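**Q**
There are 2 protein chains.
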Amino acid sequence: MKPNTPAKILVVDDHYIVRAGLRGLIDQQPDMKVEGEAQNGEEAIRIFKELNPDVTIMDLRIPVISGVDAIRAIYRDHPDARILVLSSFDGDEDIHSALEAGASGYVLKHSSGDQIIPAIRALMSGHRWIPPEIEKHLDARNQGETLTTREREIVGLLAQGEANKQIAGLIGITEETVKSHVKNILAKLKVRDRTEAVTVALRRGIVHLPEV
Amino acid sequence: MKPNTPAKILVVDDHYIVRAGLRGLIDQQPDMKVEGEAQNGEEAIRIFKELNPDVTIMDLRIPVISGVDAIRAIYRDHPDARILVLSSFDGDEDIHSALEAGASGYVLKHSSGDQIIPAIRALMSGHRWIPPEIEKHLDARNQGETLTTREREIVGLLAQGEANKQIAGLIGITEETVKSHVKNILAKLKVRDRTEAVTVALRRGIVHLPEV
DNA sequence: GGCCGAATCCCTCTTTCGGGGGATTATCAT
DNA sequence: ATGATAATCCCCCGAAAGAGGGATTCGGCC
Numbered sequence: 009m010k011p012n013t014p015a016k017i018l019v020v021d022d023h024y025i026v027r028a029g030l031r032g033l034i035d036q037q038p039d040m041k042v043e044g045e046a047q048n049g050e051e052a053i054r055i056f057k058e059l060n061p062d063v064t065i066m067d068l069r070i071p072v073i074s075g076v077d078a079i080r081a082i083y084r085d086h087p088d089a090r091i092l093v094l095s096s097f098d099g100d101e102d103i104h105s106a107l108e109a110g111a112s113g114y115v116l117k118h119s120s121g122d123q124i125i126p127a128i129r130a131l132m133s134g135h136r137w138i139p140p141e142i143e144k145h146l147d148a149r150n151q152g153e154t155l156t157t158r159e160r161e162i163v164g165l166l167a168q169g170e171a172n173k174q175i176a177g178l179i180g181i182t183e184e185t186v187k188s189h190v191k192n193i194l195a196k197l198k199v200r201d202r203t204e205a206v207t208v209a210l211r212r213g214i215v216h217l218p219e220v
Numbered sequence: 009m010k011p012n013t014p015a016k017i018l019v020v021d022d023h024y025i026v027r028a029g030l031r032g033l034i035d036q037q038p039d040m041k042v043e044g045e046a047q048n049g050e051e052a053i054r055i056f057k058e059l060n061p062d063v064t065i066m067d068l069r070i071p072v073i074s075g076v077d078a079i080r081a082i083y084r085d086h087p088d089a090r091i092l093v094l095s096s097f098d099g100d101e102d103i104h105s106a107l108e109a110g111a112s113g114y115v116l117k118h119s120s121g122d123q124i125i126p127a128i129r130a131l132m133s134g135h136r137w138i139p140p141e142i143e144k145h146l147d148a149r150n151q152g153e154t155l156t157t158r159e160r161e162i163v164g165l166l167a168q169g170e171a172n173k174q175i176a177g178l179i180g181i182t183e184e185t186v187k188s189h190v191k192n193i194l195a196k197l198k199v200r201d202r203t204e205a206v207t208v209a210l211r212r213g214i215v216h217l218p219e220v
């Protein structure tokens with residue numbers, strides 16, 4: 009590391025205040041500097057290309073293109089990208105997807121500055137940064153079984169209040185098959201009915217409410 | 009106003025980064041200064057008493073005691089408190105409750121600094137600050153009918169996946185009465201079934217998911 | 001005193017859910 | 001090839017949900 013050329017940081021968050029907070033925090037450090045900001049996933053991808061930052065700090069709940077999808081897109085073109093997810097606790101599924109999509113670290117928004125800065129430095133030097141409490145959650149997640157693609161799709165439709173018959177029509181399968189899937193979903197999520205299935209799926213980040 | 013004694017600001021948010029951003033932004037202004045920070049509703053109430061700030065900036069989604077309840081508690085003891093809600097868009101119900109509980113202003117977290125500072129100044133000088141887009145939402149809310157206390161309570165239980173019979177047992181009324189309430193809820197929210205009712209209620213801020 | 005809204009309870013009837021099975025393909029990794 | 005998994009479809013059956021009525025009580029408000 010050269011102390012005379014601070015690491016280039018890209019900050020991605022839709023809240024101005026959060027970006028301002030990060031900028032203030034980071035620019036105080038001698039070895040890093042915020043060189044770019046993006047407010048949504050689309051911007052993030054574009055600005056990453058232009059800037060080629062050393063570390064990208066990314067919120068997951070961002071408009072236009074989700075944080076996870078943005079990470080995936082960036083990682084595809086730049087497999088050496090160092091992306092640090094900075095998020096409130098968004099549910100196991102999001103964390104897991106983010107790491108799978110190519111993120112190298114995860115920090116909670118609740119974290120104080122002296123927890124965030126070391127995370128950035130870790131990524132700068134090529135290391136990963138996953139706090140133990142996050143890893144514990146990922147393990148816990150594996151206890152509960154994972155939903156398949158089809159099942160996740162159906163949970164999304166459940167959340168919209170669709171009946172089995174409607175779902176069948178929408179995705180072109182039989183109502184009987186939908187019932188099978190729903191049965192499996194209830195069993196996997198260990199819930200009593202479709203309504204609880206939806207709230208559990210929302211908490212785990214398996215599905216999201218459409219933006220308000 | 010005396011330019012030599014800056015207004016005392018209390019910042020309430022559970023995210024360190026947000027507090028840091030606000031502190032940086034505010035302390036740049038000559039006429040205001042962050043004199044206190046709180047991470048949850050309980051702290052907010054306590055620190056408000058000690059500090060008696062000129063303006064309090066409050067997030068709604070905070071632990072222990074919700075922002076709305078904290079505002080209510082503070083307002084009860086200090087009817088002259090100036091509280092500015094700073095929140096991502098949390099649904100009509102939360103905004104409405106916050107204002108009803110005693111907040112004097114509302115600013116979105118997306119807002120940039122030159123939108124937040126004027127809001128603080130407005131409250132400092134005793135004015136209210138409700139952006140037009142927020143007021144529009146409050147009007148829109150009134151188009152759709154309002155749920156009664158009982159109905160909101162039942163929506164909360166629906167979100168937990170309780171069946172009508174369980175709900176009846178839990179709150180000590182007949183299953184028939186629960187069905188009546190559910191029927192009215194579906195009609196008021198203009199949805200097809202209880203599952204959709206829950207997701208709509210979540211989006212509107214009528215109920216919340218238990219914290220992750 | 002009369003009115004209205006909230007909350008309660010009741011009945012009928014049809015549809016939908018969810019639990020309990022079982023079965024068949026296709027794919028993919030071993 | 002063999003096994004595992006995902007995805008599909010099928011049947012039965014009892015319980016729950018929702019649509020459509022109607023009715024009562026209790027307060028507060030005008």
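Quick note, the sequences are listed as chains A and C, same order.
Numbered by the working numbering, the letters in the first sequence go through residues 9 to 220 in order.
Numbered by the working numbering, the letters in the second sequence go through residues 9 to 220 in order.
Positions of the beta carbon are idealized from the N, C-alpha and C atoms, including for glycine.
This one's a predicted model, so the numbers in the text were calculated from it and none came from an experiment.
(1) At a CB distance below 7 angstroms, what residues from the stretch 10-32 of chain A approach chain C? Give them in sequence order.
(2) Using the C-alpha atoms, what's the distance from I103 of chain C back to G180 of chain C?
(3) Can you check whether the C-beta of E204 of chain A is within less than 7 angstroms of a C-beta belonging to chain C?
(4) I'd like the ranges of any beta strand (DSSP E) spanning at least 3 consecutive residues and lying wholly in the stretch 30-99 of chain C.
(5) DSSP puts V19 of chain A in a beta bridge; with which residues?
(6) In the DSSP output, which residue or residues are listed as bridge partners for Y223 of chain C?
(7) Considering just the uninterrupted stretch of the alpha helix (DSSP H) at D122 of chain A, what are its terminal residues?
(8) Please name the residues in the stretch 178-212 of chain A whose beta-carbon is closer than 9 angstroms to at least one beta-carbon of chain C, in chain order.
(9) Among A:R211, A:I175, A:S120, which residue has its Cα nearest to the Cα of G32 of chain A?
(10) With three or more beta-carbon pairs closer than 8 angstroms as the criterion, would you say the stretch 108-115 of chain A touches the stretch 88-96 of chain C?
(11) Nearest by alpha-carbon distance to G44 of chain A: which of A:K144, A:P71, A:G134, A:A15 is it?
(12) Find out if the Cβ-Cβ distance for the pair L59 of chain C, L107 of chain C is shorter than 7 angstroms.
(13) Cβ closer than 9 angstroms: which chain A residues qualify as neighbours of K117 of chain C?
(14) Quick check on R84 of chain A: buried or exposed, where buried means 16 or more other Cβ atoms within 10 Å of its Cβ?
(15) Along the stretch 62-84 of chain C, where does the CB come closer than 8 angstroms to a CB of chain A? Name the residues.
(16) Would L131 of chain C pass as a contact of S95 of chain C if the rule is Cβ separation under 7 angstroms?
(17) Mind reading off the beta-carbon distance from R200 of chain A to G169 of chain C? Whole number of angstroms is fine, and I expect it under 8 angstroms.
(18) Over what stretch of residues does the alpha helix (DSSP H) that includes E1 of chain C continue unbroken?
(19) Do you know whose CA, among C:F97, C:V163, C:L178, lies nearest H189 of chain C's CA?
(20) Contact criterion: CB-CB distance below 7 angstroms. Does L217 of chain C meet it with respect to chain A?
(21) If you drop the 5 nearest sequence neighbours on each side, which residues of the same chain put their C-beta closer than 6 angstroms to that of V186 of chain C?
(22) Excluding the 5 residues flanking V208 of chain C on each side, which residues of the same chain have their C-beta closer than 6 angstroms to its C-beta?
(23) Quick one: which residues of the stretch 160-171 of chain A get their C-beta closer than 9 angstroms to a C-beta of chain C? List them in chain order.
(24) I'd like to know whether the C-beta atoms of I4 of chain C and V63 of chain C end up nearer to each other than 7 angstroms.
(25) Report the neighbours of A121 of chain A on chain C: residues whose CB is nearer than 9 angstroms to its CB, in chain order.
(26) Please compile the residues from chain A whose C-beta is within a distance smaller than 8 angstroms of the C-beta of S96 of chain C.
(27) Using CA atoms only, rank isn't needed, just tell me which of A:G110, A:P61, A:R160 is closest to A250 of chain A.
(28) May I ask which residues mark the beginning and end of the alpha helix (DSSP H) holding Q168 of chain C?
(29) Tell me which residue opens and which closes the alpha helix (DSSP H) that T207 of chain A is part of.
(30) Within its chain, find whatever has a CB closer than 7 angstroms to the CB of H158 of chain A; leave out the 5 residues flanking it on each side and keep chain order.
(31) Counting along the chain, where does the alpha helix (DSSP H) carrying G177 of chain C start and finish?
(32) Comparing alpha-carbon positions, which option in A:I70, A:Q123, A:S105, A:K191 lies nearest H23 of chain C?
**A** By the coordinates alone:
(1) Near chain C, meaning a CB-to-CB distance below 7 angstroms, the residues of the stretch 10-32 of chain A are D22, H23, Y24, I25, V26, A28, G29, L30, G32.
(2) Translated into the one-based positions of the second sequence, residue 180 of chain C becomes position 172. Translated into the one-based positions of the second sequence, residue 103 of chain C becomes position 95. Going by the C-alpha atoms only, they are around 31 angstroms apart.
(3) Along the first sequence, read from residue 1 onward, the residue named residue 204 of chain A stands at position 196. At least one chain C Cβ lies under 7 angstroms of E204 of chain A.
(4) Those beta strand (DSSP E) runs which fall completely within the stretch 30-99 of chain C and span 3+ residues are 40-46, 63-66, 91-95.
(5) Sequence index remark: in the first sequence, residue 19 of chain A carries index 11 (1-based). In the DSSP secondary-structure assignment, V19 of chain A is bridged to A:E45, A:I65.
(6) With chain C represented from 9 up to 220, any question about residue 223 of chain C goes unanswered, as that position is not in the structure.
(7) Counting from one through the first sequence, the residue named residue 122 of chain A turns up at place 114. Unbroken alpha helix (DSSP H) run through D122 of chain A: 121-132.
(8) Residues are counted here when their Cβ sits less than 9 angstroms from a Cβ of chain C; for the stretch 178-212 of chain A these are V199, R200, D201, R202, T203, E204, A205, V206, T207, V208, L210, R211, R212, given in chain order.
(9) Sequence index remark: in the first sequence, residue 32 of chain A carries index 24 (1-based). When only C-alpha atoms are compared, the closest one is A:S120.
(10) Because the criterion of three Cβ pairs below 8 angstroms is not met, the stretch 108-115 of chain A and the stretch 88-96 of chain C do not touch.
(11) Within the first sequence, residue 44 of chain A is the residue found at index 36, counting from 1. Nearest C-alpha to G44 of chain A among A:K144, A:P71, A:G134, A:A15: A:A15.
(12) For the purposes of this step, residue 59 of chain C is taken as the residue at position 51 of the second sequence. For the purposes of this step, residue 107 of chain C is taken as the residue at position 99 of the second sequence. A distance of 7 angstroms or more separates the beta carbons of L59 of chain C and L107 of chain C.
(13) Working through the second sequence from its first residue, we reach residue 117 of chain C at position 109. Per Cβ cutoff of 9 angstroms: D22, H23, Y24, I25, V26.
(14) One-based indexing of the first sequence puts residue 84 of chain A at position 76. The residue in question, R84 of chain A, is exposed, as its Cβ has fewer than 16 Cβ neighbours within 10 Å.
(15) Look at the stretch 62-84 of chain C: it has no residue with a C-beta under 8 angstroms from a C-beta of chain A.
(16) For this step, residue 131 of chain C is matched to residue 123 along the second sequence. For this step, residue 95 of chain C is matched to residue 87 along the second sequence. Going by C-beta atoms, L131 of chain C is not nearer than 7 angstroms to S95 of chain C.
(17) In the first sequence, counting from the first residue as 1, residue 200 of chain A sits at position 192. In the second sequence, counting from the first residue as 1, residue 169 of chain C sits at position 161. R200 of chain A to G169 of chain C, Cβ: 5 angstroms. Contact.
(18) Nothing can be reported for residue 1 of chain C: it is not among the residues displayed for chain C, which extend from 9 to 220.
(19) Within the second sequence, the letter at position 181 stands for residue 189 of chain C. Checked all of C:F97, C:V163, C:L178; the closest Cα to H189 of chain C is C:V163.
(20) Counting from 1 along the second sequence, the entry for residue 217 of chain C is found at position 209. At least one chain A Cβ lies under 7 angstroms of L217 of chain C.
(21) Within the second sequence, the letter at position 178 stands for residue 186 of chain C. Around V186 of chain C, the same chain offers N172, I175, A176 as residues with beta carbons nearer than 6 angstroms, after the five sequence neighbours per side are excluded.
(22) Taking the second sequence and counting its residues from 1, one reaches residue 208 of chain C at position 200. Here the set comprises L197, V199.
(23) Along the stretch 160-171 of chain A, the positions whose C-beta sits under 9 angstroms from a C-beta of chain C are L166, A167, Q168, G169, E170, A171, read in chain order.
(24) The structure shown does not extend to residue 4 of chain C, since chain C spans only 9 to 220, so no value can be given for it.
(25) Here residue 121 of chain A corresponds to residue number 113 of the first sequence, with the count starting at 1. In the sequence as displayed, the identity of residue 121 of chain A is Gly instead of Ala. In chain order: Y24, I25, A28.
(26) Residue 96 of chain C sits at position 88 when you count from the first residue of the second sequence. For a Cβ distance threshold of 8 angstroms, residue set H23 of chain A lies close to S96 of chain C, ordered along the chain.
(27) The question about residue 250 of chain A has no answer here: the residues shown for chain A are numbered 9 through 220.
(28) On the second sequence, residue 168 of chain C is found 160 positions in, with the first residue counted as 1. It is not in any alpha helix (DSSP H) - Q168 of chain C carries neither H nor E in the DSSP assignment.
(29) As a position in the first sequence, residue 207 of chain A is number 199, starting the count at 1. Start and end: 202-212.
(30) Sequence index remark: in the first sequence, residue 158 of chain A carries index 150 (1-based). Reading off the sequence, residue 158 of chain A comes out as Arg, not His. Answer for R158 of chain A: H189, listed in chain order.
(31) In the second sequence, the residue the question calls residue 177 of chain C occupies position 169. That run of the alpha helix (DSSP H) goes 172-179.
(32) Position 15 of the second sequence holds residue 23 of chain C. Of all alpha-carbon atoms in A:I70, A:Q123, A:S105, A:K191, the one lying nearest the alpha-carbon of H23 of chain C is that of A:Q123.
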